[in-house]
Amino acid sequence: MPTLVSTSVVPFLGSEIVPDYDTAKVVILPIPYEATTTYRRGCENGPAKLLEASHQLECYDEELDSEVCYDVGIYTKDPIADTRNSQRVSSLEMLQVTQATVHQLITENKFVISLGGEHSITAGVVEAYRQAYPDEPFTVVQIDAHGDLRHEYEGSIHNHACVMRRIVDMGLPTLQIGIRAICKEEADLIKAKQLNVIRAREIATQPDWADRAISSITTKRVFLTIDLDGIDPTLIPGVGTPEPGGLNWYSLTAFLRRVFESYEVIGCDIMELAPVVDSVVSEFTAAKLAYKLIGYQALAQGWLKQG
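Per the numbering used here, residue -10 is the first one in the sequence shown, and the count goes up by one each step.
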């Protein structure tokens, strides 16, 4: 197993909280990996920019009526770097290191939010949870504009366009939300395997989409993977492959809160943030989304103090 050199980053929320790994319930894991981007590059800068933007967040969450960070404890780990001995590592090595790192955090009872970086790395994150729960399947709920179900793309099975195919191949149930761009191969796979997909046009036209999505999950546990291009590009333009017609903020957060209330969410990731020059809207919105995930988990787990 390769050991990768990590570089330090500013912590989530900055000086608002005192970092203490032992007492923290939530760990933020930056994974600034970019190797297979096929359109707009820059997601390797996503984690650092999200963390910087988080310093501008209000600690008080008006929806939850709580200063969440003071009740939860949040620790930001050093990022998993993509070099070893000054050389870029392979996609497979990166997945292996990610799996080992996340699995160690799981064994130490941390709720992990991984920050990408390109979406391919989610396969390593999910494999860590599969290792942690070998006899208890969980559903991977994906927020995304794209199916990411190709067997291979541009000569690699570890391309960002293949990550959900790797997860389907693991035998895990999936729920894809916000899909609005797929190829014929992916469409055929969805039909052949009867994969659970809520397309963006359903979200726009069918008010009961969230009810159907929530009720379709048949496992007790859920892992959430959020590719930021699942959100409408008017809210987050800084992604690798933007697509019109994505989720709006309140549709997304209302759905995510219901997932946390209805199931045991075992982990999350936020992927594909590629910041835009002279704009902070993408990284700030992504940072606020990360804080929402922390708040919803805190509410579901009873971590928030009353009064």
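All C-beta atoms, glycine included, are put in the ideal place defined by N, C-alpha and C. Keep in mind it's a predicted model, so treat the numbers as computed, not measured.
- Distance from PRO162 to PRO126 at the Cβ level is roughly 7 Å; contact confirmed, criterion being Cβ atoms closer than 8 Å.
- TYR22 sits away from ASP67, with the two beta carbons spaced by 7 Å or more.
- Annotation for PRO19: the continuous beta strand (DSSP E) segment containing it runs 15 to 20.
- In the structure shown, ILE203 falls within a helical segment according to DSSP collapsed to helix, strand and coil.
- Beyond the five residues adjoining it in sequence on each side, ALA13 comes within less than 8 Å, by CB distance, of VAL61, GLY62, ILE63, TYR64, LYS99 in the same chain, given in chain order.
- At the C-beta level, ALA276 and LEU18 stay beyond 7 Å of one another.
- PHE212 places its beta carbon 7 Å or farther from that of GLY144.
- As summarised for the region 143 to 229, the continuous alpha helix (DSSP H) elements at least 4 residues long and confined to that stretch are 152 to 158, 173 to 182, 189 to 194, 198 to 205, given in chain order.
- Assignment of beta strand (DSSP E) within the region 51 to 128, counting only whole runs of 3 or more residues, yields 63 to 65, 100 to 105 in chain order.
- For GLY256, the uninterrupted beta strand (DSSP E) run begins and ends at 253 to 260, by DSSP.
- With 16 or more neighbouring CB atoms inside 10 Å of its own CB, TYR252 falls in the buried class.
- When the Cα atoms are used, LYS294 and CYS172 turn out to be separated by approximately 47 Å.
- Taking the CA atoms as reference points, VAL57 sits about 28 Å from GLU107.
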